[in-house]
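Counted the way the numbering used here counts, the sequence shown spans residues 231 to 375.
C-beta atoms are modelled at their ideal positions from N, C-alpha and C, and glycine is treated no differently.
Since the structure is predicted, the reported quantities are computational estimates derived from the model, not experimental observations.
Here is the structure we will look at, set down as structure tokens.
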Amino acid sequence: QLTSKAFSSETGFNEHFYLKKLSSSGYKIKVIVETPYMLEGYTQLNTKLNCNIPVEFNLVGNHDFTKLLDEGYLIITLIDLWSIDMIIHYPHYVIVENFEDDSFMIADPKYCKKIKFSRRRFEKSLEELKYRLGYSPLIFAIKKD
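In structure tokens form, the structure reads like this:
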């Protein structure tokens, strides 16, 4: 419910305060970032917000998503919006709910619908985010502790 509210079209999404609220509400959080700059930024935010959310530095790929989903996590990540609407290349938060039949099930807050992404389509969207848009892929993994 908190996730749906945080991603509604009426609210702006501030992931740092959102993750702190989830963490203080008893959720287990993992953050995976792909660049030293992001690692430093999230480490500093942990200090500034007085929280202890684990931040890992690792290349982000499909295997990270499937592993975390198998462990019971819900995942928030950035992808290229083009892979959803084919209108504009823009970084876009989505919720990755599960993986089955070689596809990811994505909940899209912008269009309020669920979309099935093949493994390849999802991978391509992460690549476009990284190489076309210059954004570092990241993972916010969340589960009830």
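From the options, residue whose alpha carbon lies closest to that of residue i
i: L298; options: Y361, L359 and I325; result: I325
i: D331; options: R362, I305, D315 and R350; result: R350
i: Y323; options: I317, F247, T307 and S313; result: T307
i: D375; options: L249, K251, I259 and H246; result: I259
i: F347; options: S333, D300 and E245; result: S333
i: L356; options: W312, D300 and L304; result: W312
i: Y257; options: Y303, Q274 and Y272; result: Y303
i: K373; options: K340, I305 and F295; result: I305
i: S255; options: G271, E301, K360 and C281; result: C281
Beta-ladder partner(s) of residue i, from DSSP
i: T296; result: DSSP output for T296 lists no bridge partner at all.
i: K360; result: Note: K360 sits in no beta bridge, so no partner.
i: P321; result: D310
i: V326; result: I305 and I336
The beta strand (DSSP E) enclosing residue i, as first and last residue numbers
i: S348; result: K343 to S348
i: M335; result: S333 to D338
i: I283; result: Careful: I283 lies outside any beta strand (DSSP E) and carries neither H nor E.
i: L368; result: L368 to K374
i: Y365; result: Element bounds for Y365: n/a, residue is neither H nor E.
i: Y257; result: Y257 to V263
Nonlocal neighbours in the same chain, by C-beta distance under 8 Å from residue i, ignoring five residues either side
i: K344; result: E327, M335, I336, A337 and D338
i: L363; result: D310, H319, Y320 and P321
i: D294; result: I262, N288 and I369
i: Y341; result: I314 and D315
Close Cβ partners of residue i (< 6 Å) along its chain, the five nearest in sequence each way excluded
i: S239; result: Note that S239 has pLDDT 47, beneath the 50 cutoff, so the model's placement of it is unreliable and the number below is only indicative. Contacts found: none.
i: S366; result: E264, T265 and M268
i: E358; result: D310
i: E353; result: N292
i: F329; result: T296 and L299
Span of the alpha helix (DSSP H), counted from its first residue to its last, around residue i
i: H253; result: The question names His, but residue 253 is Ser in the sequence shown. Looking at the DSSP string, the run of the alpha helix (DSSP H) that includes S253 is E245 to S254.
i: L269; result: P266 to K278
Same chain, Cβ closer than 7 Å to residue i, five either side skipped, listed in chain order
i: I283; result: L249, S253, I259, V261 and N276
i: H246; result: L275 and L279
Should the segment 259 to 266 be regarded as contacting the segment 282 to 296, the criterion being three or more beta carbon pairs within less than 8 Å?
-> yes
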